[in-house]
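Participant:
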Amino acid sequence: MRFRILGALQLGGGEATVTAGRDRTVLAMLLLRSGRVVPVEELIDAVWEERPPATARTQLQICVSRLRQRLTGFGLPPDTIVTDPVGYGIRVHPADLDAEVFARAVESGRAAVAAGQPAEARRHYRAALALWRGPALSGIASRSVRRRAQALDEQRLATLEECVDVELRLRRAADLIDELTETVDQHPLRERLRGQLMLALAAVGRQAGALVVYREGRRIYAEELGIEPGTALQDLHQRVLAGDVASGGLESDATVPVRSLPRAIGDFTGRQQTVARLVQEIEEDGARIQLIDGMPGSGKTTLAVHVATALGDRYPDAHLFVDLHGHSERTPLAPTAAVATLLRQVGVPAERVPLDLDDRLAMWRTELASRRALVVLDNAASTAQVAPLLPNGPDNLVLITSRRRLVGLDDGRPSSLPVLDPDEAVELLARVAGRERVAAEPLAAAEVARRCGYLPLAIRLAGARLAHRPRWRIADLAERLAAGPDPLAELAAGERSVGQAFALSYAQVSPSAQRLFRLLGLHPGVRFENRVAAALIELPLPDVRDPLDELIDAHLADEVEPGRYRLHDLLREYARGLLAAPERADERRAGVERLLDHHLQVAAAIARTIEAGYDLHRFPPPARPDLVEATVDQGCSWFDENRSALTALVRLAEAEGFLRHCWQLTRACWRSHFDGGHLDELIETHTIALRAAETLRDDEAVAMAMNYLASAHYRLARFSEVTRLMEAVVDRYRRLGLRRGIRNSVGNLGGAYIGADEYCRAVEHIREAIRLTRYPDEATVLGNMCNNLAVPLMQLGRYEEALRVARQHLLLARVARDLRGSANALGHLGMIRHRMGDLGPARRLLRLALLLKRRGHNRFGEGEVLNEIGVLERQAGHPGEAVLLHSEALVAMRESGDWIGQLASRNLLGRAVLDQGDVASALDLHRRVLADATRLAARYEQARALDGIARCLRATDQAAARSHWTRALALFRQVESPDQGEVEKLLAELA
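Just so we're aligned, residue 8 is where the sequence shown starts under the working numbering, counting upward by one.
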């Protein structure tokens with residue numbers, strides 16, 4: 008071999024060297040990408056990093072010239088290093104570069120493993136590992152070289168792990184112990200190596216040593232990572248403890264099938280038709296994603312585990328289970344944490360789990376691609392939570408459970424679980440309480456099942472209560488459930504007593520604590536703050552601590568963290584039952600009003616800090632300013648923590664007839680819903696608010712609800728609906744003669760025209776809105792109007808006008824100390840300067856805008872700026888960096904819920920991928936965007952997708968490219984986009 012990089016850089020057997028530091032760095036970069044051209048910019052960055060001299064290109068040419076002379080003296084042809092318009096490359100026969108020889112040997116080893124030839128596989132693996140003389144390219148400090156060399160080092164470790172797997176199966180454990188001990192010392196976080204060392208020690212009878220290795224690893228993982236060892240390593244530890252790892256003929260732990268399902272209950276009852284249908288859909292129809300939803304206690308998880316266990320033999324490689332905490336006291340598990348859990352279950356060590364979500368998902372899908380695996384995703388919160396977790400292997404089955412219907416998973420087969428039918432409910436009662444007892448009292452058993460509402464959870468508790476009361480007749484329990492003062496108290500099983508325990512504890516606390524407990528049953532959220540308790544019970548904040556402490560001591564409430572509490576679901580039901588008594592009707596209604604008042608005033612106070620909506624000042628002053636002042640500092644995080652409760656409170660306000668609270672609370676929550684991409688909540692609450700305002704015959708409130716309802720449809724690219732709503736809003740405000748309402752709605756109608764790619768109409772309406780704005784009294788509003796006006800001007804290519812408007816916006820935002828407005832103005836200034844060719848200022852403005860948008864939790868704005876920076880990077884010849892930026896932007900746009908932003912991110916990602924040379928992937932991206940943009944009638948993104956497709960095809964199918972550019976040009980002309988000029992040039996070049 009003439010070139011060696013698996014260790015220090017060497018030519019030949021080491022008899023020839025390159026001593027100059029820059030020359031070594033350049034040669035290393037070329038060899039790391041042998042057969043490809045390395046751009047000049049990357050080579051300069053590798054040699055000089057952040058401070059390249061003005062003569063960097065000239066000095067680089069000198070380095071290359073010296074290298075050519077050195078290689079020629081070594082007997083290599085002069086064109087070994089080739090020059091390209093982009094950069095330089097090196098031509099090396101695969102047999103002349105040790106890294107290529109290593110890769111081929113590893114491929115041969117893996118092929119031998121797949122063919123069932125372990126001895127042959129070992130020979131290839133050991134030949135590959137023997138090529139290494141130390142860390143790759145040791146002695147070269149360049150960060151660019153080190154980053155790529157570390158990838159080679161990782162390949163060596165992965166190959167060693169594969170080799171050890173083979174050698175353990177070949178009963179060579181004794182030969183491996185010294186090598187594994189040294190390697191584990193050098194890489195203490197690699198779980199797979201540690202497990203292999205444990206296996207080798209156990210295989211030669213040194214179980215105690217294997218346990219020491221495990222304990223040491225557990226200590227290191229806890230101290231350095233704050234985590235426990237992975238499932239595979241813990242399972243191996245248990246096997247060593249149990250003596251299940253036999254000496255000799257040992258298979259690698261990595262080959263042990265994964266079994267992470269909970270135990271299936273032995274008395275599973277009913278659901279025969281559902282189970283049969285699921286099995287048929289899975290086995291005959293090939294439906295590999297099953298969605299199981301239903302009310303709490305309906306047995307969703309039980310059914311999923313039952314089906315998974317029944318089909319387990321069809322999926323022998325892995326049975327996986329993760330609780331997503333979608334409907335529990337815990338925060339729903341984010342996809343990034345969920346996929347990390349799943350990777351650990353399939354045996355991926357913690358140190359190999361990537362930090363980036365996209366990288367984790369890629370690893371997850373790769374791990375399952377070749378496995379026959381079954382995955383249960385339990386207790387899902389939303390489609391967005393589970394969609395990224397879906398594997399794409401042909402032999403994967405996914406069962407998803409949720410309390411919500413998961414709409415939007417195209418390949419999912421939904422199954423909504425009802426309660427049990429009467430016969431199934433009686434059968435379940437018989438299995439828990441005893442068949443003979445149920446057979447002796449069939450009518451009473453049927454009555455108990457009916458009193459339990461045929462809900463599996465309630466029936467199990469009733470059956471367990473009977474099982475522990477052998478002298479009771481079933482009729483006795485039926486009578487208690489029908490006539491008892493507290494039916495919940497009868498649903499008890501040993502220590503799982505429910506109603507009676509609640510009643511006993513409730514009776515033992517003070518009247519003040521009892522009142523607080525009853526009122527807390529009104530709160531619809533999982534958790535509540537001490538401020539909510541103070542509002543409900545009408546006490547100063549310091550004084551509410553005493554009754555709260557009483558409830559905690561009596562186990563009627565839990566303090567999950569300082570100042571935050573929760574009621575168990577059944578406790579909440581019990582509290583609601585207490586307050587439902589007729590004699591407490593006045594207490595209940597007054598409590599509902601105080602609960603709504605508190606959340607309305609806190610939401611409005613926080614909203615006033617993040618937006619300048621004049622309609623927020625229509626609200627009455629707070630009844631408890633002390634509680635509002637104590638809460639408002641939480642800012643946007645308060646909305647995030649209470650989102651589900653706020654939506655439920657809007658529903659409660661409508662149900663209880665508090666219609667003013669209904670629309671005002673909805674309005675106060677709008678900005679948080681909109682910026683956070685919580686469009687389902689936004690649409691639901693504003694639809695309710697619209698009904699309430701119409702019932703009140705409050706025309707201004709009706710207009711407000713329609714205006715903000717339109718914003719959600721805007722994000723969802725339903726522009727015809729947006730236009731319909733906004734035209735109605737403008738008409739209503741004109742009839743009312745409300746200048747500010749007319750101003751805002753006309754401006755928002757202009758925004759609707761932006762979304763519909765009608766930029767001239769947008770400019771016309773926004774300018775009308777600006778004329779209706781009074782300066783300086785409405786400076787912040789004027790700034791927002793300037794913000795909206797800059798967009799269509801920029802899209803029309805009127806950059807000088809757009810620049811003046813954006814500068815005016817920035818000035819207004821700074822005077823008003825409007826962080827959000829400043830971020831938007833800076834972002835627009837950066838975009839405009841970019842289009843005007845002022846690249847340096849554009850970069851600085853966009854970076855500052857990105858920082859401010861992230862600080863303000865503006866995910867849409869963040870995605871918008873990331874896309875612009877990505878275009879800058881692509882145009883500067885850095886497509887790899889552009890791909891990362893557009894991918895990050897796409898995540899932000901998805902989280903914001905903005906469909907047009909997602910289309911834009913995907914189109915720009917396609918352009919960057921094309922510049923990387925991956926034509927097939929770019930073409931696929933643009934074609935998918937074209938389909939989605941056509942469906943949404945998004946003409947500008949349709950045109951960009953057609954342009955992208957044409958760029959992909961022009962080298963191979965000029966006729967098709969011409970056709971796509973012609974269609975793109977027509978659309979660009981329709982929307983009056985300046986992009987039409989570039990497409991015209993491309994068509995001319997093609998002709």
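Here a beta-carbon is modelled for each residue, glycine too, at the ideal position from N, C-alpha and C.
Alpha carbon to alpha carbon, how far is Arg-487 from Glu-374?
Facilitator: Cα to Cα, the separation comes out at about 54 Å.
Participant: Could you have a look at Leu-978 and say whether DSSP puts it in helix, strand or coil?
Facilitator: Correct three-state label for Leu-978: helix.
Participant: Name, in chain order, the residues that DSSP records as bridge partners for Glu-568.
Facilitator: DSSP lists Arg-571 as partners of Glu-568.
Participant: Could you tell me which residues DSSP pairs with Glu-536 in its beta bridges?
Facilitator: DSSP lists Arg-571 as partners of Glu-536.
Participant: Should Pro-398 go down as buried or exposed, given a rule of 16 or more other Cβ atoms within 10 Å for buried?
Facilitator: Under this definition Pro-398 is a buried residue.
Participant: Specify, as a first and last residue, the run of the alpha helix (DSSP H) that Asp-105 falls within.
Facilitator: Its alpha helix (DSSP H) spans residues 105 to 121.
Participant: Can you look up Asp-738 in the DSSP assignment and give me helix, strand or coil?
Facilitator: If DSSP states are grouped into helix, strand and coil, Asp-738 belongs with the helices.
Participant: Taking only the alpha-carbon atoms, compute the straight-line gap between Leu-396 and Val-355 and give it to the nearest angstrom.
Facilitator: Distance between the alpha carbons of Leu-396 and Val-355: 16 Å.
Participant: In terms of alpha-carbon separation, which member of Ala-889, Thr-188, Ala-776 lies closest to Leu-878?
Facilitator: Before going further, note that residue 878 is Val rather than Leu in the sequence given. Ranking Ala-889, Thr-188, Ala-776 by Cα distance to Val-878 puts Ala-889 first.
Participant: Contact between the segment 662 to 677 and the segment 554 to 574: three or more CB pairs below 8 Å?
Facilitator: Touching, no, given that fewer than three Cβ pairs across the two stretches are closer than 8 Å.
Participant: Name, in chain order, the residues that DSSP records as bridge partners for Arg-266.
Facilitator: His-326, per the DSSP bridge assignment.
Participant: Specify, as a first and last residue, the run of the beta strand (DSSP E) that Val-89 falls within.
Facilitator: Where Val-89 is concerned, the enclosing beta strand (DSSP E) stretches over 88 to 90.
Participant: DSSP state of Pro-60, grouped into three classes?
Facilitator: Correct three-state label for Pro-60: coil.
Participant: Need the endpoints of the beta strand (DSSP E) that Asn-403 sits in, please.
Facilitator: Its beta strand (DSSP E) spans residues 403 to 409.
Participant: Just grab the DSSP bridge partners of Asp-300 for me.
Facilitator: BP columns for Asp-300 point to Ser-409, Ser-423.
Participant: Taking only the alpha-carbon atoms, compute the straight-line gap between Val-54 and Pro-236 and give it to the nearest angstrom.
Facilitator: Each residue's Cα considered, the two are about 40 Å apart.
Participant: Cα separation between Glu-661 and Arg-698?
Facilitator: Roughly 9 Å separates the two Cα atoms.
Participant: Comparing alpha-carbon positions, which option in Ile-296, Asp-964, Ala-592, Glu-618 lies nearest Leu-415?
Facilitator: The question names Leu, but residue 415 in the sequence shown is Gly. It is Ile-296 whose Cα lies nearest to the Cα of Gly-415.
Participant: If the criterion is Cβ atoms closer than 9 Å, does the pair Leu-164 and Leu-200 meet it?
Facilitator: Yes, the pair counts as a contact, with Cβ atoms nearer than the cut-off.
Participant: Given a cut-off of 9 Å on the beta-carbon distance, is the pair Gly-757 and Ile-773 in contact?
Facilitator: Their beta carbons are under 9 Å apart, which means Gly-757 touches Ile-773 by this criterion.
Participant: On the criterion of 16 or more Cβ atoms from any shown chain inside 10 Å, does Asp-999 qualify as buried, or is it exposed?
Facilitator: Here the chain has residues from 8 to 998 only, and residue 999 is not among them.
Participant: Based on DSSP bridge pairs, tell me the residues matched to Ala-387.
Facilitator: Answer is Ser-409, bridged to Ala-387.
Participant: Could you have a look at Phe-10 and say whether DSSP puts it in helix, strand or coil?
Facilitator: Correct three-state label for Phe-10: strand.
Participant: How many angstroms separate the CA atom of Met-843 from the CA atom of Leu-723?
Facilitator: Cα to Cα, Met-843 sits roughly 31 Å from Leu-723.
Participant: In terms of residues, what are the limits of the beta strand (DSSP E) holding Ile-97?
Facilitator: Its beta strand (DSSP E) spans residues 94 to 97.
Participant: Could you give the distance in angstroms between the alpha-carbon of Gly-1021 and the alpha-carbon of Ala-945?
Facilitator: Residue 1021 is absent from the structure shown; the chain starts at 8 and stops at 998.
Participant: In chain order, what residues of the same chain lie with their CB nearer than 6 Å to the CB of Val-393, ignoring the 5 residues before and after it?
Facilitator: Same-chain partners within the cutoff: Leu-384, Ala-387, Ile-407.
Participant: My output table needs one value for Pro-85: the three-state DSSP class, helix, strand or coil.
Facilitator: In this structure, Pro-85 counts as helix in the three-state DSSP scheme.
Participant: Would you please state the rounded distance, in angstroms, between the beta carbons of Arg-913 and Val-936? I believe it to be under 8 Å.
Facilitator: Contact flag correct, Cβ pair sits at about 5 Å.
Participant: In whole angstroms, give me the CA-to-CA distance for Glu-230 and Leu-327.
Facilitator: If you take the alpha carbons of Glu-230 and Leu-327, they lie about 28 Å apart.
Participant: Ignore the nearest five residues each way along the sequence and tell me which others in Thr-87's own chain have a CB closer than 7 Å to its CB.
Facilitator: Excluding sequence neighbours, Thr-87 sits near Leu-78, Ile-97, Arg-98.
Participant: Report the option in Ala-446, Ala-820, Leu-810, Ser-423 whose CA atom is closest to the CA atom of Glu-434.
Facilitator: When each option's Cα is compared against that of Glu-434, the closest is Ala-446.
Participant: Here's the rule I'm using: 16 or more other beta-carbon atoms within 10 Å means buried, otherwise exposed. How should Arg-538 be labelled?
Facilitator: Label assigned to Arg-538: buried.
Participant: Let me know if Lys-992 comes out buried or exposed under the rule of 16 or more other beta-carbons within 10 Å of its beta-carbon.
Facilitator: Exposed.
Participant: Quick one: what's got a C-beta closer than 6 Å to Val-639's C-beta in the same chain, skipping five residues either side?
Facilitator: Here the set comprises Ala-612, Ile-613.
Participant: Measure the C-alpha to C-alpha separation of Leu-349 and Met-711 and round it to an integer number of angstroms.
Facilitator: Distance between the alpha carbons of Leu-349 and Met-711: 45 Å.
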